[in-house]
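Trainee: Structure provided below as structure tokens; questions to follow.
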Ligand SMILES: [Zn+2]
Ligand SMILES: [Zn+2]
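In the working numbering, the protein residues as written are 17 to 622.
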């Protein structure tokens, strides 16, 4: 402990530890930052974190000597409560354990702060009005926690936009704490509200962020159920049923927060794009989201449902409207679908209970349990059906049962007539006999399919299907090897058709001007059956024969061109001129062609 002043000043209300330690430098008469670090942490190693406080032993000891409660300092003078505000208790315990061991490495990423698209301001910020007040009342200025939070754009007390200081905000790389004075202020202001709406939203966000900071070490009571709470909030807003309706959610969200405002917070997104932060936020409950995202979403929900909505949503359960009392087993109703019709201000949904009861229901105004009305029963619980049969066996009349259980008389009668049929069948061993018979049938006819087996024993099949369908479907049938079946007759017919088409087309190709070569691929392609020619020519003997006769070799095609040229030529044409007229180049011309050429000119000569 340095000589001189013995009572260390306490931090001011909401003062950030970073500035507080800097302020202590003057009180403790430590002339340099290294002296302060040595005094605080017992050495000059390590960093002065801007937002969190690692509680190494020396720090705890030196602060305890100065009479400062270090745990209180951690919760009320660092950004820790903000970062942990929506974390589960396990995760909180892990982070606090790391801080207590003095290890800050990777903490920001583990808390979802470092990896978030929300970026921290790059310099410390202050409210000019607050600093003027401080200077008047305290004779000095200090740096507040609230103004360092991302998403806090103005001072909620003075409604003045925050301004930058010259001091860099570096969570993990600051060398020394900083004693803030009026000289650090700049007049740079990062936020200019485009409208009264933006100003109002910025004020709300600042107030919400302050609420998070002030909760200190208190744990969010529903931190484990946030995903479920958010989902049911969206259901109440008509923006989700069993799944979230992302497009509707995005448009409602953008109605509340204008896109330019979201962009100022670093949370702009592309609507209708899979993977934008809003969709990830509501779908991926395991992903750690930034507290600012929680704040925006919760403010959006509270605006529509009222600020007490979280409490009543946590307390309420969708009711099982089954007339059966007492309820058999646990009553757990899930929403199958839920739609809100804004034009009628009414909603409609399908709900099913674990007991088997399923109904459609809804109401007017926003959905809440008190306004729930049953519209239609989709399925009654099997327990209720059982109760009806029991009461009938005990001697009650159908009418009495219906009145007692608040059922329609016809429903009761229907169940009783069904029950009367079913009970003896289940009771006797007839079913086992039928199963045996079916297994024998399958075993004796391994080549038959299910359809063929049904034709073999229609009565047995329908009995089993009516009373034991699940078992019937579970009986494995011997696997039939797959045999593609194309009848010979069909190939024959196809062959004949193709023979005619191929020979006609070959003739047509031969007549074309300029001359083109008749090939299998040309004919196949033009008929649209090239693959058939390549792979299935064995099944088409006629076609193969025709093709062998009409297709030209290269030499034959060159001879044909030579003949055409010769017929068009006049007497006295030289060999070279004739070749050129036929479009033949000497180097690529086949020997057979030269032999024909020789014969032409010999004939002329003789
Ligand atoms: Zn202020
Ligand atoms: Zn139920």
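Quick reminder that beta carbons are idealized off the backbone N, C-alpha and C, glycines included.
Since the structure is predicted, the reported quantities are computational estimates derived from the model, not experimental observations.
Decide if residue 333 is buried, meaning its Cβ has at least 16 other Cβ atoms within 10 Å, or exposed.
Mentor: Result: exposed.
Trainee: For residue 24 and residue 44, I'd like the C-alpha separation in whole angstroms.
Mentor: Distance between the alpha carbons of residue 24 and residue 44: 8 Å.
Trainee: Could you check whether the Cβ of residue 310 sits closer than 7 Å to any heavy atom belonging to ligand 2?
Mentor: The answer is no for residue 310.
Trainee: Below 8 Å between beta carbons: does that hold for residue 136 and residue 166?
Mentor: Result yes, Cβ atoms of residue 136 and residue 166 sit closer than 8 Å.
Trainee: Quick check: does the Cβ of residue 181 come within less than 7 Å of any heavy atom belonging to ligand 1?
Mentor: The answer is no for residue 181.
Trainee: DSSP three-state call for residue 463: helix, strand or coil?
Mentor: Coil at residue 463, not helix or strand.
Trainee: What ranges does the beta strand (DSSP E) occupy inside the stretch 550-586, keeping only unbroken runs of at least 3 residues that lie completely in it?
Mentor: Fully enclosed beta strand (DSSP E) runs of 3 or longer: not present.
Trainee: Please identify the residue among 238, 154, 148 and 264 whose C-alpha is closest to the C-alpha of residue 250.
Mentor: Closest by alpha carbon: 264.
Trainee: Hey, would you say the C-beta of residue 146 is under 7 Å away from at least one heavy atom of ligand 1?
Mentor: Checking the Cβ of residue 146 against ligand 1 gives yes.
Trainee: Would residue 159 be called buried (16 or more neighbouring beta carbons within 10 Å of its own) or exposed?
Mentor: Under this definition residue 159 is a buried residue.
Trainee: Between residue 608 and the rest of its own chain, which residues show a CB-CB distance below 7 Å, the 5 nearest in sequence each way excluded?
Mentor: These residues qualify, in order along the chain: 571 and 575.
Trainee: For residue 481, is the classification buried or exposed, using 16 other Cβ atoms within 10 angstroms of its Cβ as the cut-off for buried?
Mentor: The residue in question, residue 481, is exposed, as its Cβ has fewer than 16 Cβ neighbours within 10 Å.
Trainee: Have a look at residue 199 and residue 151 and give me their C-alpha separation to the nearest angstrom.
Mentor: One C-alpha to the other measures close to 12 Å.
Trainee: Would you say residue 143 touches ligand 4, meaning its beta carbon is less than 7 Å from a heavy atom?
Mentor: With respect to ligand 4, the structure offers nothing, as its ligand set consists of ligand 1 and ligand 2.
Trainee: May I ask which residues mark the beginning and end of the alpha helix (DSSP H) holding residue 125?
Mentor: First-last of the alpha helix (DSSP H) with residue 125: 123-126.
Trainee: What's the C-alpha gap between residue 596 and residue 567?
Mentor: If I take the Cα positions, the gap works out to 24 Å.
Trainee: So, for residue 232: in the same chain, excluding its five sequence neighbours on each side, which residues have a beta-carbon less than 7 Å away from its beta-carbon?
Mentor: For residue 232, where only same-chain residues beyond five positions count, the Cβ hits under 7 Å are 91, 92 and 97.
Trainee: Contact between the stretch 221-237 and the stretch 266-279: three or more CB pairs below 8 Å?
Mentor: Touching, no.
Trainee: For residue 573, which residues of its own chain have a beta-carbon under 6 Å away from its beta-carbon, when the five flanking residues on both sides are left out?
Mentor: Excluding residues within five positions, the ones whose Cβ falls inside 6 Å are 533.
Trainee: Is the stretch 383-391 touching the stretch 404-416, taking contact as three or more C-beta pairs under 8 Å?
Mentor: No, they do not touch.
Trainee: Pull up the DSSP beta-bridge partners for residue 160, would you.
Mentor: Bridge partners of residue 160: 31.
Trainee: Measure the alpha-carbon distance for residue 306 versus residue 99 and round it to whole angstroms.
Mentor: Their Cα atoms are separated by approximately 8 Å.
Trainee: Would you decide whether residue 529 is buried or exposed? Buried here means 16 or more other CB atoms lie within 10 Å of its CB.
Mentor: Classification for residue 529: exposed.
Trainee: Is residue 178 closer than 8 Å to residue 155 when the C-beta atoms are compared?
Mentor: No, they are not a contact pair.
Trainee: Contact between the stretch 322-331 and the stretch 283-302 is defined here as three or more beta-carbon pairs at a separation below 8 Å; is this criterion met?
Mentor: No: the two stretches stay apart, fewer than three of their Cβ pairs being nearer than 8 Å.
Trainee: How close, in whole Å, do the beta carbons of residue 168 and residue 201 come, if the pair is a contact with beta carbons under 8 Å?
Mentor: Contact flag wrong, Cβ pair sits at about 17 Å.
Trainee: Report back the beta-carbon spacing between residue 95 and residue 161 to the nearest angstrom; my notes put them in contact at under 8 Å.
Mentor: Their Cβ separation, rounded to whole angstroms, is 6 Å, which keeps residue 95 and residue 161 in contact under 8 Å.
Trainee: Can you tell me whether residue 369 sits near ligand 2, meaning its C-beta is under 7 Å from at least one heavy atom of the ligand?
Mentor: Because some heavy atom of ligand 2 lies under 7 Å away, the Cβ of residue 369 counts as near it: yes.
Trainee: With contact counted as at least three CB pairs below 8 Å, one residue from each stretch, are the stretch 267-274 and the stretch 362-382 in contact?
Mentor: With a cut-off of 8 Å, the stretch 362-382 and the stretch 267-274 do not count as touching, because too few Cβ pairs lie within range.
Trainee: Can you list, in chain order, the residues of its chain whose CB lies under 6 Å from that of residue 347, leaving out five sequence neighbours each side?
Mentor: Closer than 6 Å at Cβ, skipping near neighbours: 336.
Trainee: Rounded to the nearest angstrom, how far is the Cβ of residue 64 from that of residue 192, given a contact under 8 Å?
Mentor: At roughly 5 Å, the Cβ-Cβ gap stays under 8 Å, so residue 64 and residue 192 are in contact.
Trainee: What did DSSP end up calling residue 185 once you bin it into helix, strand or coil?
Mentor: Looking at residue 185 - three-state DSSP - the assignment turns out to be coil, as it is neither helix nor strand.
Trainee: Under a three-way DSSP split, which group does residue 605 fall into?
Mentor: Of the three classes helix, strand and coil, the one that applies to residue 605 here is coil, per DSSP.
Trainee: Would a C-beta distance cut-off of 8 Å place residue 281 and residue 134 closer than the cut-off?
Mentor: For residue 281 and residue 134, yes; Cβs fall inside 8 Å.
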